[in-house]
Structure formats: structure tokens, C-alpha cells
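Right, one structure below, let's go through it.
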């Protein structure tokens, strides 16, 4: 079960996110209206486009807050984990800043893979978080490998980057909420990933050496959803 401090923090960020979300929605509508009315005026169009980018960033920030604060209600279905991983790589590439150095993720598979009984939406958030953490581990983005592995007991997704190693004291705190925050981020990515994976009866493991860090998601073939999973 969560300790009292973490549970209080979840409730707080959930309330803040709900309060701010309506304002972000209104800002986005007003910016879109202004962009349509800007016509062929480059400076005004550039201004409203910048506002829309900031609103999109705010929406992503709020989504993370809500994912962290809400109880998890899994909807299990048959999932191809390798295909889901590739979708999240594409999603990360689609949302990447076109002015930033590009990144490369090599996707591979090992062992006997089969479809598992999981919640694809919850696992998408977990996969995207570990991928995002890997490609942002250094500037420019280091090479990243992502391997889906089938085992007798379940499936694993191993995401390894070639960035600088992480000190043990920091590594132990990376899945805690707001332990590390990057510019424009809520500091909840890996905390959300851990929450989504543990709700399936799995675990998120982080290891790091002098160079490179590995995030390993371990899942049973069929999610072990306990009645209290949403609150633990």
C-alpha cells in the first residue's frame, strides 16, 4: 500500500490538474480562433502557433498529473506487446521537436512471443515513459535499443540507452513522483510507468552502470488484477 505522504500527493495533484484543465481547454480554443483570424499576417500567425504549442505542452503535463492521481481501472484485452512497443516509438517520433536532434530506437524481439491479457492503454503510457526517459538521457539523444522478450512466466520489455550512467542514490529514486524533473515535464513519467505495470501484477526494474541505463518491464502473460490494485 502507498504511504500517507504519497497518497496525499496523489490527491493534491489530481485536484490541481482538474482545476487547471478547463482553463487550458479555453486557452486552446481562443488561440485556434486567433490563428484562423490571423489570415496571412506572419507575425500574428507565429504568435498564436507558439501559444498553441504551449497549450499542447500544458495538456500533456495535465495528462500526466491525472494519470498519476487517478485510481487505475484496467480493461484487459488480447495485446501484441511487440506491436504496441513499435506504436509507442512512432508516437514518440511524431511528437518530437523537429528542431531537436533526431533519435533512433532499435526494436527487437527474443524468445517465444504470444499475445498477453493486458490493458493496452495503460501499457502504452508505461512504454512511452521508459522510451522517453531513454532518448532524453543525454543530449544529443543516445542510441536506444528496445527488446521484447517472451519467457515461460510472461513477457519482458527491456529499454537500454547508451547515455551516461546514473548514480545509485538517484537511480533508487527515479520511479518516485517528481524525483527528477526536466524542463516542461511533471517529473511523473517513470512513477506513472511503475504504477501502470504494478497494476498488472508486474514490476519495473532500473539498472545502470558507468555508461548506459536499462529499464525492464516484467509482466505476467495474464494481468493479475487484485481488487485493491487501483489504490496500491
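Residue numbers (my numbering): 277 to 508.
We put the CB at the ideal spot given by N, CA and C, even for glycine.
| query | result |
| --- | --- |
| Leaving out five residues on either side along the sequence, give the residues of the same chain with a beta carbon under 6 Å from the beta carbon of residue 498. | 393 |
| Are the Cβ atoms of residue 391 and residue 432 separated by less than 8 Å? | no |
| By alpha-carbon positions, which one of 430, 437, 482, 280 ends up nearest to residue 449? | 482 |
| Hey, out of 437, 403, 438, whose CA is closest to residue 480's CA? | 403 |
| Kindly indicate which residue of 285, 290, 312, 328 has the alpha-carbon position closest to the one of residue 300. | 328 |
| Tell me which same chain residues have a C-beta within less than 7 Å of the C-beta of residue 346, skipping the five on either side of it? | 290 |
| So residue 426 packs on residue 387, CB below 8 Å; how close in whole Å? | 4 Å |
| Could you check what DSSP says for residue 423 in three-state terms: helix, strand or coil? | strand |
| Would you report the Cα separation of residue 401 and residue 484, rounded to the nearest angstrom? | 22 Å |
| In chain order, what residues of the same chain lie with their CB nearer than 6 Å to the CB of residue 504, ignoring the 5 residues before and after it? | In this predicted model, residue 504 has a pLDDT of only 41, less than 50, meaning its place in the structure is not dependable enough to derive any value. |
| Among residues of its own chain, excluding the 5 on either side of residue 459, which ones have a beta-carbon nearer than 6 Å to its beta-carbon? | In this prediction, residue 459 has a pLDDT of 48, which is less than 50 and means its spatial position is unreliable; what the coordinates show is noted afterwards. Hits under 6 Å: none found. |
| Quick check: what's the CA-CA separation for residue 506 versus residue 475? | Annotation note: pLDDT 39 at residue 506 (below 50); position unreliable, no value reported. |
| Determine which residues share a DSSP beta bridge with residue 434 and list them. | 423, 492 |
| Between the Cα of residue 496 and those of 323, 352, 334, spot the shortest distance and give me the residue it belongs to. | 352 |
| Sort out for me which residues DSSP pairs residue 440 with in a bridge. | 487 |
| So, are the CB atoms of residue 358 and residue 424 less than 8 Å apart? | yes |
| What are the uninterrupted segments assigned as alpha helix (DSSP H) that are 4 or more residues long and contained completely in the region 312–357, given in chain order? | 318–345 |
| Suppose contacts are defined by Cβ-Cβ distances below 8 Å. Is residue 435 in contact with residue 410 by that definition? | yes |
| Would you check if the distance between the CB atom of residue 331 and the CB atom of residue 293 is smaller than 8 Å? | no |
| Spatial neighbours of residue 362 within its chain, please: C-beta separation below 7 Å, excluding the five flanking residues on both sides. | 383 |
| Considering only residues of the same chain and omitting the five flanking positions on each side of residue 462, which have a CB-CB separation below 7 Å? | Unreliable placement is indicated for residue 462, whose pLDDT of 49 sits below 50; no coordinate value is reported for it. |
| According to DSSP, simplified to helix, strand and coil, what is residue 391? | coil |
| Helix or strand or just coil, what does DSSP make of residue 403? | helix |
| Would you list the residues sitting across from residue 381 in a DSSP beta bridge? | 420 |
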